Amino acid sequence: MNFIKPAYSYFVLAISLTSICFCDTLAQAEPIDPASIPESAYVVVKDGHLTINGERQRFWAATDKTYARSSGIKPEDSAEVQAQKTAAAYASTDRILDHMQAAGFNAVRLWAGNIDGIQYERGDGSKADLADYFLAELKRRGMRVWSAGMNRIDGVVPEDVDVLDLPETREAWMEAVAEGIAKDTNKRKKVGHHFYSGWALDKNPAIFWDPRLEAMTLKRKTEVVTHFNHHTSLRWCDDPVFAVWELSNEEWWVRQMVGGKWQRLPAFFRQSLIQRWHRHLIDKYGDHDALVAAWGGVLPNERLDEGTVLFAPMANPTLTSAAINDSSPAAQAAVLALDQKYNPDDFPEARGRDVLEFLVQMHLSHKQRLADAIKPLGRGTTLSPMIFDTGIGYEIQSLWMHQQADAVTFCAYVNGYGPTMEEWNASRADSKWARDASPKRASLEAERIVANDGPWVNWLLKPPGISSGVPWLETGRVEGKPFLVYETQIQQPGKYRADFPLRIAALASTQDWDWVTWHYFGDGRMNRASSFEKPFEHPMDVTTARHPQGYHLTYDEVQQSLMRAAAYLFRNHAWEKATNPTTFVFGRKALYDPDSMVYGGSFGDIGMDMLQTVYEYGSRIKVDPSRDDNVVIGPVIPFEARNTHNPYLPTDQITFDHKEGLFRAVAPGGVAYAGRVEAGSELQLGDVTFSDLRVHNPEGIYDPVDEDNPYLALSVYTRDGKPLAESSQAGISIASTSFNTGFDLSRVELYRAKGTKGELPVLVARPSATIRVPGFAGGTYTVFDFHGGVVAEGKVSDEGTVVLKHTQPAWFIDLRR
């Protein structure tokens with residue numbers, strides 16, 4: 001057994017590295033000619049999926065703090081101390097990756113902006129050095145990287161004015177950037193873990209129309225992708241370890257614009273936007289009379305030929321002073337004759353459509369210009385897919401943008417606890433959300449959010465879905481494009497969370513996804529992983545403040561047990577895809593529908609059928625501006641039947657039964673079950689049998705599991721991709737729930753847990769069972785704990801059975817023959 005190291009060996013490794021890894025640290029690497037690397041080494045898109053050397057690949061990834069990002073070196077440290085600290089950081093990265101691989105991960109989504117510097121020396125312990133060591137180690141292990149957050153870049157200062165030679169606006173631009181810095185300094189000096197100078201380019205809406213800001217954005221992104229890695233002797237843009245390139249993370253530009261963020265920009269940038277708005281209208285209509293005819297009327301004193309047409313409507317009320325070019329005398333006069341504020345309903349539908357058409361064209365053209373400039377920079381950026389942004393799942397303009405890129409990517413989170421329906425309705429009663437949301441959307445969001453088992457949300461008792469309102473992950477699958485999940489997770493505290501990875505794997509299989517990323521892996525303690533005998537033995541993170549740190553999965557043995565199962569089930573294509581998915585096609589009217597300016601307003605009534613339909617038939621989505629109206633090709637489960645339709649059967653292998661509160665999957669390459677069972681009962685999943693199933697609560701656990709009818713999740717899966725009857729390597733994962741010692745959820749207020757996080761030890765409700773896997777009769781089994789230690793090992797009986805005792809702290813069971 002050598003695929004996971006025993007816990008004690010990590011500590012030995014950390015010490016030994018101090019003396020062995022610095023023999024050539026200061027020697028800078030000679031560049032490798034990227035032309036010498038065969039194309040077969042890179043991840044490329046073929047037939048709408050990710051492939052390596054012509055073969056389909058699926059990736060199961062984690063993001064954030066997946067390596068030691070700080071060595072702790074201080075300026076006063078001696079060379080010897082610096083070497084020791086760097087060695088410890090390298091060893092911490094190794095230790096993290098050992099655990100990640102044991103958990104089934106084969107990829108990472110890496111925040112590129114965290115390197116905080118381009119020039120470094122190999123072995124100097126800088127952030128760039130640690131990141132590049134991490135990339136080299138991933139490469140050595142055969143893992144792949146998604147380069148994220150290329151918008152986490154340095155800012156812009158007035159002195160950058162000469163990035164383009166535009167003398168007529170030179171002084172005005174410098175003054176506007178200085179104004180942006182003055183407004184921004186106290187609020188946005190830090191982006192994530194990256195400090196920047198000047199005015200932020202990150203999520204700055206003006207980079208889409210100001211040529212200098214766009215040029216500086218391209219310059220900063222180029223600095224990231226062309227960074228030279230002294231550990232691999234390649235620039236990042238040439239290195240085949242990178243599988244996916246991402247222009248920006250959660251920029252969500254159209255949503256920002258219709259939300260009015262542009263109205264808070266310095267006047268120079270507002271005016272240049274409004275000038276572009278008028279040019280767009282002139283290009284489309286030619287003159288003022290044609291504009292009036294198309295819109296059915298304009299406001300008093302609005303004239304296209306005088307440049308006094310307000311940039312409106314928006315999703316929110318529009319201030320006249322912000323929506324007009326106040327550098328124009330005619331515009332200044334017009335302001336005096338107009339109301340100071342206009343609501344969306346004050347404008348005709350045709351005008352709202354023109355606003356969205358203008359924004360959509362600007363959005364896509366900016367993204368395409370960046371991609372066209374960055375992709376040729378290196379062999380990897382040329383060959384591997386590039387996405388334009390991450391999210392936003394239920395917005396048709398975002399989907400249209402993704403449809404033009406090399407791949408589509410969305411995310412989704414769900415809550416593990418929640419309010420009662422009464423609490424939820426009361427919290428929304430007088431809110432803007434309540435005024436804007438359609439009745440269908442409002443009822444769907446309430447149904448998804450509210451608790452249904454005390455304070456807890458048991459998602460198995462709800463119609464299937466990975467959403468906290470309108471769907472994101474269920475709606476984004478475009479035929480002919482790889483589908484990538486950039487983040488997903490269930491929020492702690494959550495009693496019923498062990499089933500979540502299995503439900504992700506089921507949806508991913510049904511929809512034939514290519515990549516799943518879990519958010520997020522670690523915290524600052526990962527920087528010191530090599531200093532702990534058991535680096536993953538810490539209290540689980542739960543949300544006890546405004547920031548949802550409960551999305552950490554690092555120290556959650558229960559969830560990671562089933563995540564391991566889901567990883568192999570997904571990566572090995574164990575479960576079939578939907579054979580004839582329904583296709584939802586949306587035309588030009590939907591793309592420019594003013595109702596879509598309000599979140600959740602995209603896709604109309606037809607869109608509300610998508611969440612249910614995907615779990616019965618599978619689904620695809622397409623935006624087609626060449627047609628006016630929408631069309632649905634294939635059967636649907638209508639919104640009105642979402643709670644009555646049962647069970648959901650997306651394939652012959654997968655069952656979602658929300659009336660019984662269970663999930664079941666039976667296939668040659670792997671089986672799974674989640675839900676309640678009768679204590680001592682037998683569960684038959686194809687040829688696999690779980691008998692004498694029980695769950696045992698440790699003393700003092702918060703909200704104990706019902707031992708007579710316990711909740712649990714379990715799976716048997718192969719690691720080599722063969723059917724269970726033929727495989728030589730398989731795994732068993734089985735878990736129920738856990739809480740930190742002393743955890744106390746004193747009360748729940750919507751998403752905010754006001755309670756006590758608790759401390760070690762983590763109290764785990766442990767299952768026991770007799771597990772029969774006939775194909776492994778006479779083989780061997782090893783029970784591993786969460787820290788890589790061997791709990792028990794022996795021979796599988798001649799009948800193929802393994803007995804798991806609740807006294808054995810099993811993270812997973814490895815089967816060999």
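Just so it is clear: in the sequence shown, position 270 is 270 by my numbering, and no numbers are missing. The C-beta atom is built at its ideal place from N, Cα and C for all residues, glycine as well. Bear in mind the structure is a predicted one, so any value in this text is a computation, not a measurement.
Distance check between V631 and each of V790, Q404, T382, A590 places A590 closest, using alpha-carbon atoms only. Between T770 and D692, the C-beta spacing is below 8 Å.
Around the Cβ of K46, a 10 Å sphere holds fewer than 16 other Cβ atoms; the residue is exposed. Under the 10 Å beta carbon count, P419 is surrounded by 16 or more other beta carbons and is classified as buried. The three-state secondary structure of K46, taken from DSSP, is strand. Counting along the chain, the unbroken beta strand (DSSP E) around T651 starts and ends at 648 to 651. Rounded to whole angstroms, the gap between the alpha carbons of A312 and Q275 is 13 Å.
The criterion of a C-beta distance shorter than 8 Å is satisfied by L712 and S736. Taking 8 Å as the upper bound for CB-CB distance, D389 and E251 are in contact here, some 5 Å apart. When secondary structure is reduced to three states using DSSP, T320 falls in the coil class, being assigned neither helix nor strand. Under the Cβ criterion (8 Å, minimum of three pairs), the stretch 531 to 547 does not count as touching the stretch 70 to 81. Bounds of the alpha helix (DSSP H) holding K85 are 79 to 102. The DSSP-derived three-state label of H230 is coil. If you keep only unbroken beta strand (DSSP E) runs of at least 3 residues inside the stretch 302 to 360, you get nothing at all.
Remark: C-beta atoms of H231 and R122 approach each other more closely than 8 Å. Inclusion of A176 and V108 in the CB contact set at 8 Å is not warranted, their separation being larger than that value.
CA-to-CA, the gap between I449 and E576 works out to about 30 Å. In the displayed model, R152 falls within coil according to three-state DSSP, outside both helix and strand.
By the beta-carbon neighbour count (other beta carbons within 10 angstroms, threshold 16), L760 is exposed. For P767, the three-state secondary structure derived from DSSP is strand. For D657, the enclosing beta strand (DSSP E) covers residues 654 to 657. Assignment of W60 by DSSP, reduced to helix, strand and coil, places it in the strand class.
Per the Cβ contact rule, the stretch 666 to 678 is in contact with the stretch 558 to 576 (3 or more Cβ pairs under 8 Å). Cβ-Cβ distances below 6 Å link L234 to I32 in the same chain, with the five nearest sequence neighbours on each side left out; the list follows chain order. Per DSSP, the unbroken alpha helix (DSSP H) holding L281 starts and ends at 267 to 285. G416 and H519 have their C-alpha atoms roughly 15 Å apart. F269 places its beta carbon 8 Å or farther from that of A172. Residues Y417, G418, P419, T420, V457, V748 of the same chain have their beta carbon placed closer than 8 Å to that of A451, with the five preceding and five following residues left out of the count.
Nearest to L336 by alpha-carbon distance, out of I324, A89, P344, is I324.
Within a 10 Å sphere around the beta-carbon of P581 sit 16 or more other beta-carbons, which makes this residue buried.
Considered as a whole, the stretch 114 to 147 harbours 127 to 140 as its complete alpha helix (DSSP H) runs of no fewer than 4 residues, in chain order. Here G469 really is in contact with L444; their C-beta atoms are around 6 Å apart, less than 8 Å. Rounded to the nearest angstrom, the gap between the Cα atoms of A243 and V43 is 5 Å. The criterion of a C-beta distance shorter than 8 Å is not satisfied by G391 and D238.
Here the alpha carbon of I466 sits roughly 33 Å from the alpha carbon of E726. When DSSP reads this structure, N740 sits in a beta bridge with V762.
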